[in-house]
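> Got a structure for you, questions after.
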Amino acid sequence: MTDQVERTAQVERPGYDAAAAQQRWQAYWEEHDTFAARDDGSRERRYMLDMFPYPSGDLHMGHAEAFVMGDVVARYWRLRGFDVLHPIGWDSFGLPAENAAIQRNTNPAVWTYANIETQATSFKRYGLSFDWSRRLHTSDPEYYRWTQWLFLMFRDRGLAYRKASFVNWCPKDQTVLANEQVVAGLCERCGTQVTKRQLTQWYFKITEYADRLLSDMDQLQGAWPDRVLTMQKNWIGRSEGAFVDFTIETPREERVVTVFTTRPDTLYGATFFVVAPEAALAAEIVTDDQRAAFEAYLEATNRATEIERQSTDRPKTGVFLGVYATNPVNGEKIPVYAADYVLADYGTGAVMAVPAHDQRDLDFARTYGLDVRMVVDTGEPDPAETGVATSGDGSYVNSGQLDGLTDKVAGVGAIISQLEADGVGQGAVTFRLRDWLLSRQRYWGCPIPIIHCAACGEVPVPEDQLPVVLPDLRGQDLAPKGTSPLAAATDWVNVDCPQCGGPATRDTDTMDTFVDSSWYFYRYCSPDYADGPFDPDDVRRWMPVGQYVGGVEHAILHLLYMRFFNKVLYDAGMVDFVEPMQRLLNQGQVINQGKAMSKSLGNGVDLGVQIDEFGVDAIRLTVVFAGPPEEDIDWADVSPGGSLRFLHRAYRLACDVAAPPGVDVSTGDPGLRHQTHRLLADIEQSVETQRFNVTVARIMELVNVTRKVVDSGAGAADPAVREAAEVVTIALSLIAPYVAEEMWEALGHAPSVAQASWPVVQETLLIEDAVTCVLQVQGKVRGRLQVAPTISEDELRALALADEGVQRALAGREVRTVIVRAPKLVSIVPV
1 MTDQVERTAQ
11 VERPGYDAAA
21 AQQRWQAYWE
31 EHDTFAARDD
41 GSRERRYMLD
51 MFPYPSGDLH
61 MGHAEAFVMG
71 DVVARYWRLR
81 GFDVLHPIGW
91 DSFGLPAENA
101 AIQRNTNPAV
111 WTYANIETQA
121 TSFKRYGLSF
131 DWSRRLHTSD
141 PEYYRWTQWL
151 FLMFRDRGLA
161 YRKASFVNWC
171 PKDQTVLANE
181 QVVAGLCERC
191 GTQVTKRQLT
201 QWYFKITEYA
211 DRLLSDMDQL
221 QGAWPDRVLT
231 MQKNWIGRSE
241 GAFVDFTIET
251 PREERVVTVF
261 TTRPDTLYGA
271 TFFVVAPEAA
281 LAAEIVTDDQ
291 RAAFEAYLEA
301 TNRATEIERQ
311 STDRPKTGVF
321 LGVYATNPVN
331 GEKIPVYAAD
341 YVLADYGTGA
351 VMAVPAHDQR
361 DLDFARTYGL
371 DVRMVVDTGE
381 PDPAETGVAT
391 SGDGSYVNSG
401 QLDGLTDKVA
411 GVGAIISQLE
421 ADGVGQGAVT
431 FRLRDWLLSR
441 QRYWGCPIPI
451 IHCAACGEVP
461 VPEDQLPVVL
471 PDLRGQDLAP
481 KGTSPLAAAT
491 DWVNVDCPQC
501 GGPATRDTDT
511 MDTFVDSSWY
521 FYRYCSPDYA
531 DGPFDPDDVR
541 RWMPVGQYVG
551 GVEHAILHLL
561 YMRFFNKVLY
571 DAGMVDFVEP
581 MQRLLNQGQV
591 INQGKAMSKS
601 LGNGVDLGVQ
611 IDEFGVDAIR
621 LTVVFAGPPE
631 EDIDWADVSP
641 GGSLRFLHRA
651 YRLACDVAAP
661 PGVDVSTGDP
671 GLRHQTHRLL
681 ADIEQSVETQ
691 RFNVTVARIM
701 ELVNVTRKVV
711 DSGAGAADPA
721 VREAAEVVTI
731 ALSLIAPYVA
741 EEMWEALGHA
751 PSVAQASWPV
761 VQETLLIEDA
771 VTCVLQVQGK
781 VRGRLQVAPT
791 ISEDELRALA
801 LADEGVQRAL
811 AGREVRTVIV
821 RAPKLVSIVP
831 V
C-alpha cells in the first residue's frame, strides 16, 4: 500500500457526490471500452440481451426497471470471469414514429433519430454496461437490406406469400394488423376498435411450424416463465379431431364443404350447418331468393367487431341461405345458415352445429326453432327442455352404431374409421394459429422487395439491388389514407421489370416491424458483416442467448415470431440451435398509486427528475429492491431517499477501512468473516435465481454487520472489515455502479470495479459453531441456549428441561408435551 493510499484511508472524506461520480465514470467507461466484448477466446462467452427499445421519447420509469435487471446479470457474469456480450440498438421503424411525425409535420426519420440520441445519452447516464460498438437501428438501410434479404429467402422457401382475404383493419392507423396485434378487439398500438376488410396482403407461413413451435417448448420448461409458455401454447391451440365432408346442393352445383370438429362422435346430433357471413362460400351458395336478405345481414355483420361477434351473451343472429347440407353419417339434409358467431378466418369458415352439446349452437337453434337432438346422455336434463347444452361424457344415444358405448375415445375412433372408409372424412390435427400477416399500408417501415409486372407477375428485387431504400417523402403528406403513402412516390414506384425489362411497379406496402425485431439479436453478433444478415461463425460462438429480459406483453407477438424465424434459419443451415433464447426474465411494470402512470391521471413520475434529485444509483437500487423482478412496483410505496441514505452509509464504510489492500484477511475477526461469507453465499444464490431484491437485502445486512465492528473501537483496522467492505463494493456494483466505483477507489484499488473478480465463498466459514435455541413454555420465551448445529433431539430436550428459566416457568408442574425442533426451538407444554 502506498503512502498516498494510507493517507487517503485516514483522512475525512466528503460524502458521496452522485452527480460528480456519474460524470466521471461515464467518461472512464467510454474511454476504456470497459464493457466491450472481447470475443478473443480468452474466456467463456455469455450473451445477455435486453428487448429492443422503441425510440418514442426519453427513457421512462418502465425502462428504469427493465434495463437495470439485465444490467445486473451482465455485470455479474463479467465479474464471474465470462466474456459478456451486452449490446444495444433501436427498433426504430413503426407506427408510433410515423404518427408522431405526422402530428409534428416532420419526417419520421428526423423524429426517430433525434429520439434515439436522447435515449442513448440517457442509457449512458443510467450506467448500463452496454457494448456500444455493436449499436444498430432497424431503420438504417444497411440493416433493413438484410430484412429484405431474409424476406426473399423465406419466399424462396415457400414461407412468404400473397393472398386476398379478410384482414384486421385499424380505422385510425389505416393499416392492417396481424391477429396477434388485436387485443380484446382493439388495435394494440392505438386502442381503436378493429374492423374487417378484404385485401390482398403478404403473409409469412408460420403455421408450417406450428407443431415445432409447440413441441420445442419442452426445451424451455423451467427456463422461461410458465405463463409465457402457457400463453404461446394457447395461441398455437393444437386440436385433435377430424375433417368431415358435407355435401351442399345449390341451384347451380353440388359443393363439398369440409369442416373440422374436435367431436366427430357427435355427428349424429348435427341438425343444421353454419357458414361465416363474410366467407366467400356464403355468397357462392346462397339462393337468389335469399340473396337480398343475406347481403343485408352481411352488411350488418361487417359493422360488428370480432370481439362483439364472439361474445357469449350476445343474441344469436343469422340468415337462412336457402340450401341444405347432407350429413355424411346418416344422410340427413340439414339447413344451412350464415351466422356471425362463426368467423371466416378460423377453420374453414363453416361448422356443423350440434345444439344439444354446444351452447352457442343451442342458443341459435332456440332462436330459429331448429331441432335439438341429444346424442350423448350425460345424466343431465335434456338441453331441448332446459336450454342448457351438455358437454360432458356419457353414453351414446341416437347415434347409430355408437349407441350404448360409454368410451369417448372409442366413439371418436369408430366415427373416424367410418368417415375414412366411406371417403367422407379423416382424422386430423389443426391449430388455432394463423399465418402472420406482415403487410402494412404505412410509410415508415421496411419496403417489401417485390416488383409487380403485368407479364411476369411477382418478381423479387435482385440481391445486388438491395436494399430497396425508402424514398425521402419529406414535406409530403404522410397521413394514412387506407393505401400506403409510398404509392404517391411515382418516381420510386415505377421501375423496369428485372426479368423482362417492361414497365412494372414496386410493392408499396411496408413490413410489420415485428419482422425487424425477429432477427436483430443475430446481427448484434456481427453488426458490420457485409456478406449476409450475420456471420454464422460469430452467431455460433455467441448464441443461443444466455439471458433475455423484457416484458410479458410480448409473450405472443415478438417471442413467438422470433422463435419462428430461428426455426426457418435452422432449416436453412444458418444456425445450429432450435431455440434462440435459453432463459427469459419478464420484468413487471412501474405504477403509481395503484394505477398505470399517465398524464391524464396526473400520477406520472419523470425518470429524469428522479435521477436529478436522488442520483442514478439510488433509482437503480430502489427499483431492484422494491420486489422480485416480475412483480409490479408502485412508486408511491418506495423510497429513493432511503436508498440514497444507504448508499452514503456504504460509501462511508469503504472510506473508513484502515487495513491495507492485500492484507491477510484470515487473521481478521472470525465472527465478521463468518457473516461475510454466509451473506456472500446468499448474494450469489439470489443473483443466480434472479431474486435481485434479496441481493440488495443481503448487501444491506452486511453493511450493518460490518459497521458495528468498525464502530466498536479499533475495528476499522481489522482485516475482516476490509474483506467485508470489498464484498459489499463488488456486490453493490451490480446495482449501484457509480458509488461502487468510488468505493473501490477509496479501498485503494485501481479502477474499475467492473473489471474485478467475484469473491470466492470459503465453504469452511459457512459452518456454524453454535446456534441459538429458543426455549418456550406455554408459547412464551423463557430462555435461550447456545448449542451445536448437530445436537440431537434427545440431548436438546434434556438441556431445555434443565434450564433455570424453564424450571422457574414450570414452577413444579409436570410436563405434558415437549416439542423439539433441533437445533433452534424447544416448546414445552405443562399439565
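In terms of full-length UniProt numbering, the sequence shown is residues 1 to 831.
Glycine is no exception: its CB is placed at the ideal position from the N, C-alpha and C atoms.
Can you tell me which of W111, Q22, A731 puts its alpha carbon nearest to the alpha carbon of Y54?
It is W111 whose Cα lies nearest to the Cα of Y54.
> Looking only at its chain, what residues have a beta carbon closer than 6 Å to the beta carbon of R474, apart from the 5 residues adjacent to it on each side?
So the qualifying residues of the chain are N107.
> Would you kindly work out how many angstroms separate the C-alpha atoms of G70 and E688, rounded to a whole number?
Approximately 13 Å between the Cα atoms of the pair.
> So for M48, helix, strand or coil by DSSP?
M48: strand per DSSP, three-state reduction.
> How would you label V11, buried or exposed, when you count the other beta carbons within 10 angstroms and need 16 or more for buried?
Note that V11 has pLDDT 36, beneath the 50 cutoff, so the model's placement of it is unreliable and no number is given.
> Is the separation between the beta-carbon of F93 and that of D516 shorter than 8 Å?
Yes, Cβ-Cβ distance for F93 and D516 is below 8 Å.
> Counting only the same chain and skipping the five closest in sequence on each side, list residues whose C-beta sits under 6 Å from that of V727.
These residues qualify, in order along the chain: T676, L680, P759.
> Can you tell me whether N115 is buried or exposed? The criterion is at least 16 other CB atoms within 10 Å of its CB, across all chains shown.
Answer is buried; the Cβ neighbour count reaches 16.
> Identify the continuous beta strand (DSSP E) that holds Y161 and give its terminal residues.
Start and end: 160 to 170.
> Using the beta-carbon count (16 or more within 10 Å), is E31 buried or exposed?
Exposed is the call here.
> Should P449 go down as buried or exposed, given a rule of 16 or more other Cβ atoms within 10 Å for buried?
So P449 counts as buried.
> How big is the Cα-Cα spacing for G641 and C187?
Answer to the nearest angstrom: the Cα atoms are 40 Å apart.
> So is V829 buried or exposed if we call it buried at 16+ other beta carbons inside 10 Å?
Counting Cβ neighbours within 10 Å, V829 comes out exposed, since fewer than 16 surround it.
> Determine the direct distance from the alpha carbon of G392 to that of R506, and round the result to whole angstroms.
If you take the alpha carbons of R506 and G392, they lie about 55 Å apart.
> What distance in whole Å lies between the Cβ atoms of N693 and E630, which are believed to be in contact at a cut-off of 8 Å?
E630 to N693, Cβ: 11 Å. No contact.
> What do you reckon, are the CB atoms on I819 and L79 nearer than 8 Å?
Result no, Cβ atoms of I819 and L79 do not sit closer than 8 Å.
> Spell out the partners DSSP gives P503 in its beta bridges.
Partner(s): D496.
> Go through its chain and collect everything with a Cβ distance to Q582's Cβ below 7 Å, but skip five positions before and after it.
For Q582, where only same-chain residues beyond five positions count, the Cβ hits under 7 Å are A223, P544, V545, G546.
> Which partner residues does W224 have in the DSSP bridge list?
W224 is bridged to Q221.
> How long is the line joining the alpha carbons of G425 and V259, rounded to whole angstroms?
For G425 and V259, the distance between alpha carbons rounds to 9 Å.
> Using the Cα positions of R782 and Y651, report the straight-line distance between them to the nearest angstrom.
Cα to Cα, R782 sits roughly 41 Å from Y651.
> Would DSSP call R821 helix, strand or coil?
It is a strand residue.
> Who are the near neighbours of F320 in its chain, counting only those whose CB is closer than 7 Å to its CB and skipping five residues on each side?
If we look at F320 and ignore the five residues flanking it on each side, its Cβ neighbours are Q290, P335, Y337.
> Using CA coordinates, which residue listed in V609, D656, D363 is at the minimum distance from D340?
Here the closest residue by C-alpha is D363.
> Please identify the residue among E65, G81, Y76 whose C-alpha is closest to the C-alpha of R38.
Looking at the Cα atoms, G81 is the closest of the given residues.
> Can you say whether L766 is buried or exposed, counting buried as having 16 or more other CB atoms within 10 angstroms of its CB?
Exposed, by the Cβ-count rule.
> Answer with buried or exposed for G369, where buried requires no fewer than 16 other C-beta atoms within 10 angstroms of its C-beta.
Classification of G369: exposed, given that the 10 Å Cβ count is below 16.
> My assumption, with CB atoms under 8 Å, is that Y143 sits in contact with L150. Please give the rounded CB distance.
So it is not a contact: roughly 11 Å between Cβ atoms.
> Roughly how many angstroms separate the alpha carbons of A9 and S686, rounded to a whole number?
Any reading at A9 must be qualified, since the residue scores a pLDDT of 35, below 50, and its modelled position is unreliable; the value itself is stated next. Cα to Cα, A9 sits roughly 32 Å from S686.
> When we look at the beta-carbon of K708 and count the other beta-carbons within 10 Å, is it buried (16 or more) or exposed?
By the 10 Å Cβ count, K708 comes out exposed.
> Is the segment 205 to 216 close to the segment 561 to 579, with three or more CB pairs under 8 Å?
Contact holds: three or more Cβ-Cβ distances are below 8 Å.
> In whole angstroms, give me the CA-to-CA distance for R797 and T772.
Rounded to whole angstroms, R797 to T772 spans 14 Å at the Cα level.
> Check whether the segment 646 to 663 and the segment 745 to 752 touch, using three or more Cβ-Cβ pairs below 8 Å as the test.
They touch, by the three-pair rule.
> To the nearest angstrom, report how far apart E254 and L159 are at their CA atoms.
If I take the Cα positions, the gap works out to 33 Å.
> Around the C-beta of R722, are 16 or more other C-beta atoms found within 10 angstroms, so that it is buried, or is it exposed?
By the 10 Å Cβ count, R722 comes out buried.
> Within 10 angstroms of its Cβ, does R373 collect 16 or more other Cβ (buried), or is it exposed?
Burial call: buried.
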